[in-house]
Structure formats: structure tokens, C-alpha cells
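Just below is one structure, and these are the notes that go with it.
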């Protein structure tokens, strides 16, 4: 786990962010959003998620643009965001599996 700013030791405080939806393209299977407020130290942060064809079914591509975060190296920020992306992917997969098994709503 990579600690966010203000999370000494890898995660004492819960991270949060308020995001604004910028674009939703159902036909293109993508959306874009920006962080407007957070406790993670972000200045400007804008991201796009796309669902792309993949031999196994589909893949999610996540790209972003961000201003440097005070006290973070580029590698630290990218590592933190990669860990977030992996967590989101795990939760999506868990929810999809629940729906497939018929245990969902």
C-alpha cells in the first residue's frame, strides 16, 4: 500500500475526494472526471476511463493528467494511483461475480 499525503505509515487516515463528471460517452464506453476537492493533496487532477476490447472480453484503460503533489515524487504518485486502480478493479470484479452467480440484487 502506498500512503497518501497525511497518511504516515501507510494508511492511518481515510482518503477522500470530491469529483466532478466532465464527460459521459456511453457509445464510446468512456467517461472523464476531475477532482475538485480532496484530502490527498491533489492540485489539478483529471482522468478518463475507457472500456476497451480485449481477447478475454474487455479491459479498462485509465489515463490521467495531474499537477505535482507537494512532498511526492512522480513515482510515488503513480504508484498510489496504480494501487487505487487495482483496488477499483478488484471491487468491480467482485461485484460482477456476485451478479453472475445470481446473489446480487
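Numbering (full-length UniProt numbering), first residue to last: 1 to 105.
Backbone N, C-alpha and C define an ideal beta-carbon position, used for all residues, glycine too.
Computed from a prediction, not measured in an experiment: that's the story for all the values here.
| Item | Value |
| --- | --- |
| Taking only the alpha-carbon atoms, compute the straight-line gap between residue 85 and residue 101 and give it to the nearest angstrom. | 24 Å |
| According to DSSP, residue 62 sits in a beta bridge with which residue or residues? | 49 |
| Once DSSP output is grouped into helix, strand and coil, what is the label at residue 43? | coil |
| Name the one or two DSSP bridge partners that residue 18 has. | 37 |
| Could you check what DSSP says for residue 23 in three-state terms: helix, strand or coil? | strand |
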